[in-house]
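Notes for the one structure printed next.
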Ligand code: S3P
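This is the structure we're talking about:
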């Protein structure tokens, strides 16, 4: 079986570079992701006076933190490029650093179209001063640090970015914070806060998932942690092996297996995938990790319920690719959040699938797709969305398909070296 080592988890790297910047002293991240999104957050932190650089030892990132209220006024605008996580989490941090004034925050064309109100509105409610510079609800905007007050925010969406922006705001401001969400979203911030000595309580309350941080500490100690590989990146190669795109199966090593991220595993097993997992929890950050072995198998269509969506929110482009090769129909509903990702992932997937001959129907909150064995060919566009580019990379890697992908470079946002790894794995000798 071919073995692949998966690049570091994007969500965990993003949170740890920010936490390292807020700690007092020198932290070290092993296995951090050096992809486009994390680099944008690192650049923004550098611009705020935090020293972050790779150590001479490959794969380590050294961060010299400035303390919870220690960021300096940036010399340039903070440009988060394509990174929604970086921009939204940092809005929480900046809102509570009282001495920072009129910080201009922006992003690339895609990020400037994504909703920021979901973070800005609750931050304003707790006292933040944030002004939109152009369109209401969108970047660019200007933020000035304030004295924030304790809060209980009931989020209408299950969004880890909203929850995390508010937890970071509470941490920096030294305030109690309580957030409820309709369904639990990924819990990396909660786990990382806990491992940094910040007590977090979580429980189900009146059908909502509630997270409470009662008394954040006045200072954070630096840390040394080892980051697992990103499950969302591993998912593409799980898909390739399942669809028979490699001669034998694939073994994926050191993959993050946080249960709030691995919803696709449950769904793939239900569809008939042949996947074996060995899981362990080690290290101070209490993030499960393990080895995933995948053999080719025939898949059947399935139905994704709204409750299943948050734990597999980033895996829909790949799931739709799997569904196009499954026997029968796959139905996805309650997934309207997909319209607010790096692209409108419902609209873009539907258009691209039709362009290569797949039968697919679009709904406001999902889609229905009819699987087949027919060869697929034509041209698709990534719309600058890394996961769309990689999902079609997997479909094109199957021997019978001929798909030209416009905008392949987008993959570097979360998986540097994706195309090289894919060429070294696939049965097909060259990609189109
Ligand atoms: C992320 C949360 C998710 C996910 C994104 C990364 C995070 O977004 O889609 O890729 O690191 O917190 P939402 O919180 O908007 O669902």
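In this note's numbering, the protein residues as written are 3 to 434.
Each residue gets a CB set at the ideal place from its N, CA and C atoms; glycine is no exception.
Tell me where the beta strand (DSSP E) around residue i begins and ends.
{"i": "residue 283", "result": "276 to 284"}
Closest by CA to residue i, which one among the options?
{"i": "residue 109", "options": "274, 129, 140, 102", "result": "140"}
{"i": "residue 81", "options": "63, 143, 133", "result": "143"}
{"i": "residue 370", "options": "362, 376, 377", "result": "362"}
{"i": "residue 223", "options": "13, 28, 340", "result": "28"}
{"i": "residue 248", "options": "255, 256, 257, 238", "result": "238"}
{"i": "residue 150", "options": "130, 106, 165, 216", "result": "130"}
{"i": "residue 359", "options": "368, 365, 375", "result": "375"}
{"i": "residue 379", "options": "309, 407, 265", "result": "407"}
{"i": "residue 72", "options": "30, 64, 24, 226", "result": "24"}
{"i": "residue 438", "options": "132, 221, 327", "result": "Residue 438 falls outside the range modelled here, since the chain spans only 3 to 434, and no answer is possible."}
{"i": "residue 156", "options": "208, 218, 200", "result": "208"}
{"i": "residue 396", "options": "284, 324, 346", "result": "324"}
{"i": "residue 16", "options": "415, 428, 424", "result": "415"}
{"i": "residue 231", "options": "428, 37, 51", "result": "37"}
{"i": "residue 218", "options": "204, 233, 198, 226", "result": "198"}
{"i": "residue 317", "options": "19, 268, 425, 48", "result": "268"}
{"i": "residue 322", "options": "298, 227, 245", "result": "245"}
{"i": "residue 329", "options": "288, 11, 274", "result": "274"}
{"i": "residue 314", "options": "262, 403, 356, 354", "result": "262"}
{"i": "residue 13", "options": "399, 417, 429", "result": "417"}
{"i": "residue 146", "options": "126, 104, 159, 174", "result": "104"}
{"i": "residue 132", "options": "96, 400, 154", "result": "96"}
{"i": "residue 70", "options": "286, 99, 33, 54", "result": "99"}
{"i": "residue 265", "options": "257, 228, 310", "result": "310"}
{"i": "residue 8", "options": "290, 235, 200, 229", "result": "235"}
{"i": "residue 435", "options": "33, 22, 225", "result": "Outside the shown range of the chain, which is 3 to 434, sits residue 435, and nothing can be said about it."}
{"i": "residue 175", "options": "128, 288, 5, 427", "result": "128"}
{"i": "residue 276", "options": "288, 258, 372, 300", "result": "300"}
{"i": "residue 413", "options": "404, 385, 54", "result": "385"}
Ends of the alpha helix (DSSP H) at residue i?
{"i": "residue 235", "result": "233 to 244"}
{"i": "residue 354", "result": "347 to 357"}
{"i": "residue 12", "result": "12 to 24"}
{"i": "residue 395", "result": "388 to 398"}
{"i": "residue 272", "result": "265 to 273"}
{"i": "residue 324", "result": "318 to 326"}
{"i": "residue 422", "result": "420 to 427"}
{"i": "residue 47", "result": "38 to 49"}
Pull up the DSSP beta-bridge partners for residue i, would you.
{"i": "residue 334", "result": "306, 369"}
{"i": "residue 62", "result": "32"}
{"i": "residue 255", "result": "7"}
{"i": "residue 407", "result": "382"}
{"i": "residue 55", "result": "64"}
{"i": "residue 361", "result": "372"}
{"i": "residue 291", "result": "258, 282"}
{"i": "residue 27", "result": "67"}
{"i": "residue 296", "result": "252, 277"}
{"i": "residue 329", "result": "302"}
Is residue i close to chain B, meaning its C-beta is less than 8 Å from at least one C-beta of that chain?
{"i": "residue 397", "result": "Chain labels in this structure do not include chain B; a single protein chain is all it has."}
request  = Please specify which runs of the alpha helix (DSSP H), each continuous and at least 4 residues long, are wholly inside the segment 152 to 230, giving them in chain order.
outcome  = Listed in chain order, they are 162 to 175, 190 to 197.
request  = Ignoring anything shorter than 3 residues or poking outside the segment 64 to 150, list the beta strand (DSSP E) runs there in chain order.
outcome  = Segments of the beta strand (DSSP E) lying fully in the segment 64 to 150: 105 to 108, 131 to 134, 143 to 146.
query = How do the segment 32 to 51 and the segment 85 to 95 stand: do at least 3 beta-carbon pairs fall below 8 Å, yes or no?
reply = The segment 32 to 51 makes contact with the segment 85 to 95, as at least three CB pairs between them are under 8 Å.
task = Count the C-beta pairs between the segment 287 to 298 and the segment 156 to 172 that are closer than 8 Å, then say yes if the count reaches three, no if not.
result = The segment 287 to 298 vs the segment 156 to 172: no contact.
key: the segment 119 to 130 contacting the segment 70 to 79, beta-carbon criterion three pairs below 8 Å   = No, the segment 119 to 130 does not touch the segment 70 to 79.
key: Cβ contact (3+ pairs, closer than 8 Å) linking the segment 249 to 262 and the segment 177 to 185   = Touching, no.
ask   = Quick one: any contact between the segment 204 to 220 and the segment 181 to 190, if contact means 3 or more CB pairs under 8 Å?
value = The answer is yes - the segment 181 to 190 touches the segment 204 to 220, with three or more Cβ pairs under 8 Å.
inquiry  = Is it the case that the segment 327 to 338 contacts the segment 305 to 313, given that we only count it when at least three CB pairs across the two stretches are under 8 Å?
reply    = Yes, since at least three Cβ pairs between the segment 305 to 313 and the segment 327 to 338 fall closer than 8 Å, the two stretches touch.
query = Counting Cβ pairs, one atom from each stretch, are 3 or more of them under 8 Å apart for the segment 347 to 354 and the segment 388 to 407?
reply = The answer is yes - the segment 388 to 407 touches the segment 347 to 354, with three or more Cβ pairs under 8 Å.
message = Closer than 8 Å is the cut-off here; do at least three beta carbon pairs connect the segment 187 to 196 with the segment 153 to 167?
response = Touching, per the Cβ criterion.
request  = Check whether the segment 339 to 347 touches the segment 277 to 288, taking contact to mean three or more Cβ pairs, one atom from each stretch, closer than 8 Å.
outcome  = Short answer: they don't touch.
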